[in-house]
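Single-structure report; data block below.
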Ligand code: URA
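Numbering (the working numbering), first residue to last: 922 to 1356.
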């Protein structure tokens, strides 16, 4: 087999065989196939797309490139959730303990933020002492004992995806339905759970800009799950404006704690209980999605989800006093208000711009490996549909120094649209897709 032939076959619209796809994935992961040939093939895939069979093959080849966890010794159905990436997305911090409080075994491997999107691992590390590098054994033991563990992805899972994703990031080849679906699903399949809830975001702050393209991606990922005998349900959720009010790390954990106490913003509460309710349904803890959602809300009302979150913090070596006083996580020394330049109604808050502004406060990273400032970020004071008067505070920007605060505040100011006309509040859950 020869890489040039494979590239030309895809360039000319041909369908690659299982063997050709494995040859590329294994050869590139092993460092035998150079970046320039891998880039050429990826670009041909972006232009020519992949058939369903090619997507299934690519997913399987990436899944098999590293360890595939076996969690079968943990009793009951293990359920994972995945978000396609967004701004202010602290859903895992809420949905995971809620589902666990309903008796679902939640074994969750999460990532760090990159670009304008945040990552659950960075957020959890804002809790003093919290460990996100559990060994596979600690991870499984914790899930068996308390039904909930969230850890960083181990280096031994899907090394092929890690390498291919990093190359896609710098060669303009991220935006391909088949490449995105296989990248996400290879990791989910390797993580060893029985069922997956996929939160597919659409809007300005998401890879999928429209609900229709998010639906296609969601269906594709559910088909991959089914092909691999896993249950999957997808939620299509809005990511035009940031989710909730907080965008950063410690401030997002604080908002998640508020939400677990029943005092969170409406959109993040609704999305989190929807995701957790579906997890309960897939984990055989509810007879329908509707019942799961009702029961999920119940765990917030009766405090059991908050107790589960606290228990997870203690198991992972964190300081659980942040649950009683989230200000213990600290807040950056400098801040500035972003104010409304005119009166009217908030017509949009560009999640992509807020995500980038938050990154520039230090809450995100410019390059892989950069440290994040857990105390920096942006706290929105208004959401789409709110009425504002000229001079009202729209957002507060936090960063370590005045220079960062000033430039991030300017950037954040450009994210807000104000109109004369009343605006409806957008629906956060746009669709639920079951195959
Ligand atoms: N998230 C992933 O894990 N992979 C992609 O390709 C896009 C988003």
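Ideal placement from N, C-alpha and C gives every residue a C-beta, glycine not left out.
| message | Is the separation between the beta-carbon of residue 999 and that of residue 960 shorter than 8 Å? | response | no
| request: Would you give the residue range spanned by the alpha helix (DSSP H) that residue 924 belongs to? | output: Segment 924-932, the alpha helix (DSSP H) holding residue 924.
| query | Does the ligand URA have even one heavy atom less than 7 Å from the beta-carbon of residue 1285? | reply | no
| request: Pull up the CB-CB distance for residue 1019 and residue 1217, whole angstroms please, since I reckon it's below 8 Å. | output: 5 Å
| With a CB to CB cut of under 8 Å and the five nearest residues on each side skipped, what residues in its chain are close to residue 1099? | 966, 970, 971, 975, 976, 979, 1141
| said: For a quick check, are the C-beta atoms of residue 1279 and residue 1298 less than 8 Å apart? | reply: yes
| field | Which residues DSSP lists as bridging residue 1260, in chain order | value | 1314
| How long is the line joining the alpha carbons of residue 1129 and residue 1122, rounded to whole angstroms? | 7 Å
| query | For residue 1278, which three-state DSSP category applies? | reply | helix
| field | Nearest neighbour of residue 1341, chosen from 1308, 1326, 1317 [CA to CA] | value | 1308
| query | Cβ of residue 1128 within 7 Å of any heavy atom in the ligand URA? | reply | Residue 1128: yes, Cβ under 7 Å from the ligand URA.
| Leaving out the 5 sequence neighbours to the left and right, which residues in its chain are closer than 6 Å to residue 1081 when beta-carbon positions are compared? | 946, 950, 983, 986
| request: Give me whichever residues DSSP pairs with residue 1352 in a beta bridge. | output: 1157
| With DSSP run on the structure shown, which of helix, strand or coil describes residue 1044? | helix
| message | Checking the sheet assignment: what are the DSSP bridge partners for residue 1107? | response | Residue 1107 is not bridged to any residue.
| said: Taking 7 Å as the cut-off, is the C-beta of residue 1227 nearer than that to any heavy atom in the ligand URA? | reply: no
| message | Here's a check: name, in chain order, each residue in its chain whose Cβ is nearer than 8 Å to the Cβ of residue 1283, leaving out the five neighbours to either side. | response | Cβ neighbours of residue 1283 within its own chain (closer than 8 Å, five residues either side excluded): 1253, 1293, 1294, 1297, 1320, 1321, 1325.
| Through-space distance from residue 1059 to residue 1243, alpha-carbon basis | Cα to Cα, residue 1243 sits roughly 23 Å from residue 1059.
| field | heavy atom of the ligand URA below 7 Å from residue 1073 C-beta | value | No, the Cβ of residue 1073 stays beyond 7 Å of every heavy atom of the ligand URA.
| Does the distance from the CB of residue 995 to the CB of residue 1064 come in under 8 Å? | Cβ distance < 8 Å, so residue 995 and residue 1064 count as in contact.
| said: Quick check on the DSSP output: the alpha helix (DSSP H) that includes residue 1189 runs from which residue to which? | reply: Note, residue 1189: alpha helix (DSSP H), 1187-1203.
| Residue burial classification, residue 955 (beta-carbon count within 10 angstroms, cutoff 16) | Counting Cβ neighbours within 10 Å, residue 955 comes out exposed, since fewer than 16 surround it.
| query | Using 8 Å as the Cβ pair cut-off and three pairs as the minimum, do the region 1149-1167 and the region 1300-1316 touch? | reply | Output reads yes: the region 1300-1316 touches the region 1149-1167.
| request: Determine the burial state of residue 1223: buried for a count of at least 16 other Cβ atoms within 10 Å of its Cβ, exposed for fewer. | output: exposed
| query | Does the ligand URA have even one heavy atom less than 7 Å from the beta-carbon of residue 1005? | reply | yes
| Exposed or buried, which one is residue 1051 when buried takes at least 16 other CB atoms within 10 Å? | buried
| query | Looking only at DSSP bridge pairs, what is residue 1319 linked to? | reply | 1256, 1298
| message | If contacts are defined as beta-carbon pairs under 8 Å, then residue 1105 and residue 1005 qualify, I think. What distance do you get, rounded to the angstrom? | response | 7 Å
| query | Which residues in the same chain as residue 1345 place their Cβ atom closer than 8 Å to its Cβ, once the five residues preceding and following it in sequence are excluded? | reply | 1306
| Simplified DSSP assignment, three categories, for residue 992 | Coil.
| Taking the runs of the beta strand (DSSP E) that are 3 residues or longer, which of them lie wholly in the region 1063-1144? | Counting whole runs of 3 or more residues, the region 1063-1144 contains the beta strand (DSSP E) stretches 1069-1073, 1116-1123.
| request: Return yes when the C-beta of residue 1101 is under 7 Å from any heavy atom of the ligand URA, and no when it is not. | output: Yes, the Cβ of residue 1101 comes within 7 Å of a heavy atom of the ligand URA.
| query | With distances taken between CB atoms, is the gap from residue 1314 to residue 1231 smaller than 8 Å? | reply | no
| request: Identify every residue that forms a DSSP beta bridge with residue 1035. | output: 1038
| said: In the DSSP assignment, the alpha helix (DSSP H) including residue 945 goes from what residue to what residue? | reply: 939-950
| said: Between which two residues does the beta strand (DSSP E) holding residue 1337 run? | reply: 1337-1340
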